[in-house]
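Chemist: Okay, here's the structure, questions in a sec.
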Amino acid sequence: MRTIAAAEITTAVARLCVRANTVLPEDVDRALEWAYFTEPWPLAQETLDLLRQNQFQAWNQKLPICQDTGMACVFVELGQEVHIEGNFEEAIHEGVRQGYGEGFLRKSIVADPLRRINTEDNTPASITVRIVPGDRCALTVAPKGFGSENMSRLAMLKPADGVEGVKNFVVETVRLAGPNPCPPVVLGVGIGGSFDKVAALAKHALLRPLDEPNPDPFYESLEDELLEEINALGIGPQGFGGKTTCLGLAIETAPTHVAGLPVAVNVSCHVTRRATEVL
Amino acid sequence: MQYKLTTPVTREDLAPLKTGDTVLLSGVVYTARDAAHKRMMELLDAGKDLPFPVEGSALYYVGPTPERPGEVIGSAGPTTSGRMDAYSPRLLDLGQAVMIGKGARNAAVKEAVARNGAVYLAALGGAGALMASSVRKLEIICWEDLGCEAVRRLEVADMPLTVILDPHGGDLYESGPATYLERGAT
Numbered sequence: 006m007r008t009i010a011a012a013e014i015t016t017a018v019a020r021l022c023v024r025a026n027t028v029l030p031e032d033v034d035r036a037l038e039w040a041y042f043t044e045p046w047p048l049a050q051e052t053l054d055l056l057r058q059n060q061f062q063a064w065n066q067k068l069p070i071c072q073d074t075g076m077a078c079v080f081v082e083l084g085q086e087v088h089i090e091g092n093f094e095e096a097i098h099e100g101v102r103q104g105y106g107e108g109f110l111r112k113s114i115v116a117d118p119l120r121r122i123n124t125e126d127n128t129p130a131s132i133t134v135r136i137v138p139g140d141r142c143a144l145t146v147a148p149k150g151f152g153s154e155n156m157s158r159l160a161m162l163k164p165a166d167g168v169e170g171v172k173n174f175v176v177e178t179v180r181l182a183g184p185n186p187c188p189p190v191v192l193g194v195g196i197g198g199s200f201d202k203v204a205a206l207a208k209h210a211l212l213r214p215l216d217e218p219n220p221d222p223f224y225e226s227l228e229d230e231l232l233e234e235i236n237a238l239g240i241g242p243q244g245f246g247g248k249t250t251c252l253g254l255a256i257e258t259a260p261t262h263v264a265g266l267p268v269a270v271n272v273s274c275h276v277t278r279r280a281t282e283v284l
Numbered sequence: 167m168q169y170k171l172t173t174p175v176t177r178e179d180l181a182p183l184k185t186g187d188t189v190l191l192s193g194v195v196y197t198a199r200d201a202a203h204k205r206m207m208e209l210l211d212a213g214k215d216l217p218f219p220v221e222g223s224a225l226y227y228v229g230p231t232p233e234r235p236g237e238v239i240g241s242a243g244p245t246t247s248g249r250m251d252a253y254s255p256r257l258l259d260l261g262q263a264v265m266i267g268k269g270a271r272n273a274a275v276k277e278a279v280a281r282n283g284a285v286y287l288a289a290l291g292g293a294g295a296l297m298a299s300s301v302r303k304l305e306i307i308c309w310e311d312l313g314c315e316a317v318r319r320l321e322v323a324d325m326p327l328t329v330i331l332d333p334h335g336g337d338l339y340e341s342g343p344a345t346y347l348e349r350g351a352t
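Protein sequences appear in the order of chains G and S.
Mapping of the first sequence onto my numbering: residues 6 to 284, in sequence order.
Mapping of the second sequence onto my numbering: residues 167 to 352, in sequence order.
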């Protein structure tokens, strides 16, 4: 048994909130660079250049890359040998409170979906915990903007819809989103499970680095096919037209019921943010 | 083509603009998102004046991050404009001339743009640090309780924008991808 103080979690989460919002993950940065060099349409290439200049500007001016510093989605892989001294969830919320306050990040959370009063400190965090073997605690903060979140979709397809049905749904989601989610987009795709599970799969898929292929060759080639179809839509960076509509996508799957084929697409943008620390 | 414009603008200033042109906008720009638009509608319903001179005005759909001490503004890229579709036609009919945001607009907004000779310009979505660099001055003019959604009066210099909806019925979100698919796709 290893003891981790709740205060340690708080300071780590606070640091991660700031880091995630000011420095793009290396894999997303590389994907943007690759897109810039391979984009055949001049206007689209200029736009991609501006998006990369923005990252530089953010770094230089200590500004968030995007003003929508998001809902703080916190993913925890908690070793089953770890004992947390103090209130675990409150420690995470406090980390968000400190990170968004001290980091001059935007407070975008309302306490109630219909009465809409801002909580003023970007809490609560959206916390997902998975218990894993070992005595470590891995914390990932993935701030999620809602311009792209609002373009996400879920469908309970029929088993007969099969691979084609899934592909059509994913491509249609990007087509319907058009310029709204700040393309080039990044997609998390969930397939299988249940109504609630498939959305969680899609969200979790956004954590996978874009240069890391699916471990299952069947889904790796499905990811490649989807990327190709999406990048033939012509939407392009910012929706101004071009090849680069999607920087990358990751599929996560789960066993499902004989009668169902749930599919969910969590849309993210060219500022797909995540930062991790292992305690 | 690239145009330099200074607010407030007239219908004549905007007439030459075409979808896909770029604009370097200077002058005063007011910020407003959903919550501020809703309050503006309530003011109009009550027969009261808007909190800024509407004739020839530019509204930027943005909720910036808090400014650091000594800085003018935080990160300040556009939010999705479609959430303002319900409110924009009424403001355009009252004289608002420029909308700045990102993302698609509905048919009613497009008609109001054409009817009033107005424009809808895109700021770079997700490029909040870059967009912030053209802001010279910031002042909250009302509804401070809305936090990042409070109405701010910005003074901007050469803010780089792209014409999406022009006064002649053009829409870059339709013509841009179509032109690429026709001529650029390999």
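Don't be surprised by glycine CBs; every beta carbon is placed ideally from N, CA and C.
#1: Which whole runs of the alpha helix (DSSP H) in the segment 204–271 of chain S are 4 residues long or more, in chain order?
#2: Of all the residues that make up the segment 292–303 of chain S, which are near chain G by a beta-carbon distance shorter than 9 Å?
#3: Kindly list the residues whose CB is nearer than 6 Å to the CB of residue 100/G, restricted to its own chain and excluding five residues on each side of it in sequence; keep chain order.
#4: Where are the beta strand (DSSP E) runs, 3 residues long or more, that stay fully inside the segment 126–172 of chain G, in chain order?
#5: What residue does the alpha helix (DSSP H) around residue 346/S start on, and which one ends it?
#6: Any beta carbon from chain G within less than 8 Å of residue 345/S's own beta carbon?
#7: Take residue 275/G as the anchor and find which of 12/G, 10/G and 52/G has the nearest alpha-carbon.
#8: If you follow the beta strand (DSSP E) that residue 319/S is in, where does it begin and where does it stop?
#9: Output the distance between the C-alpha atoms of residue 297/S and residue 193/G, rounded to the nearest integer angstrom.
#10: Is the CB of residue 241/S under 8 Å away from at least one CB in chain G?
#11: Looking at residue 189/G and residue 40/G, is the spacing between their C-beta atoms short of 8 Å?
#12: Going by other Cβ atoms of all chains shown within 10 Å of its Cβ, with 16 needed for buried, is residue 65/G buried or exposed?
#13: Between the segment 249–260 of chain G and chain S, which residues of the former have a C-beta closer than 7 Å to a C-beta of the latter?
#14: Can you have a look at residue 225/G and say buried or exposed, based on whether 16 or more other CB atoms are within 10 angstroms of its CB?
#15: Taking 8 Å as the CB-CB cut-off, is residue 245/S touching chain G?
#16: Per DSSP, what kind of secondary structure is residue 192/S in: helix, strand or coil?
#17: Between the Cα of residue 262/G and the Cα atoms of 198/G, 44/G, 13/G and 136/G, which residue gives the shortest distance?
#18: Please list, in chain order, the chain G residues whose beta carbon lies closer than 8 Å to that of residue 231/S.
#19: Would you tell me roughly how many angstroms separate the C-alpha atoms of residue 122/G and residue 238/S, rounded to the nearest one?
#20: Is any beta-carbon of chain S found at less than 8 Å from that of residue 127/G?
#21: Return the residues of the segment 327–339 of chain S that lie within a Cβ-Cβ distance of less than 9 Å from chain G, sorted by chain order.
#22: Using a C-beta cutoff of 8 Å, does residue 191/S count as contacting chain G?
#23: At what residue ranges does the segment 10–91 of chain G contain a whole run of the beta strand (DSSP E), taking only runs of 3 or more?
#24: Check the Cβ of residue 42/G against every Cβ in chain S and list those closer than 9 Å, keeping chain order.
#25: First and last residue of the alpha helix (DSSP H) that includes residue 302/S?
#26: Suppose the cutoff is 8 Å on Cβ atoms and the five residues either side in sequence are ignored; what does the same chain contact list for residue 236/G look like?
#27: Can you check whether the C-beta of residue 176/G is within less than 8 Å of a C-beta belonging to chain S?
#28: When you compare the CB of residue 308/S with every CB in chain G, is at least one pair closer than 8 Å?
#29: From the DSSP secondary-structure annotation, give me the bridge partner or partners of residue 251/G.
#30: Give the residues from the segment 188–212 of chain S that approach chain G closer than 9 Å (Cβ to any Cβ), ordered along the chain.
#31: In whole angstroms, what is the alpha-carbon distance linking residue 90/G and residue 141/G?
#32: Using a beta-carbon distance cut-off of less than 8 Å, what residues from the segment 216–245 of chain G approach chain S?
#33: Any C-beta of chain G within less than 7 Å: which residues of the segment 265–296 of chain S qualify?
Modeler: Considering the structure as presented:
#1: 254–259
#2: 292, 293, 294, 295, 296, 297, 298 and 299
#3: 15, 18 and 19
#4: 131–137, 142–149 and 158–162
#5: Run containing residue 346/S: none; DSSP gives neither H nor E here.
#6: yes
#7: 52/G
#8: 317–331
#9: 28 Å
#10: yes
#11: yes
#12: exposed
#13: none
#14: exposed
#15: yes
#16: strand
#17: 198/G
#18: 68, 69, 72, 74, 109, 110 and 111
#19: 26 Å
#20: no
#21: 328, 330, 338 and 339
#22: no
#23: 76–84 and 87–90
#24: Per Cβ cutoff of 9 Å: no residues; residue 42/G is ~15 Å from chain S at best.
#25: Per DSSP, residue 302/S belongs to no alpha helix (DSSP H); it is in the beta strand (DSSP E), 301–308.
#26: 248, 249, 250 and 251
#27: no
#28: no
#29: 190/G
#30: 201
#31: 14 Å
#32: 237, 238, 239, 240, 241, 243, 244 and 245
#33: 268, 269, 270, 288, 290, 291, 292, 293, 294, 295 and 296
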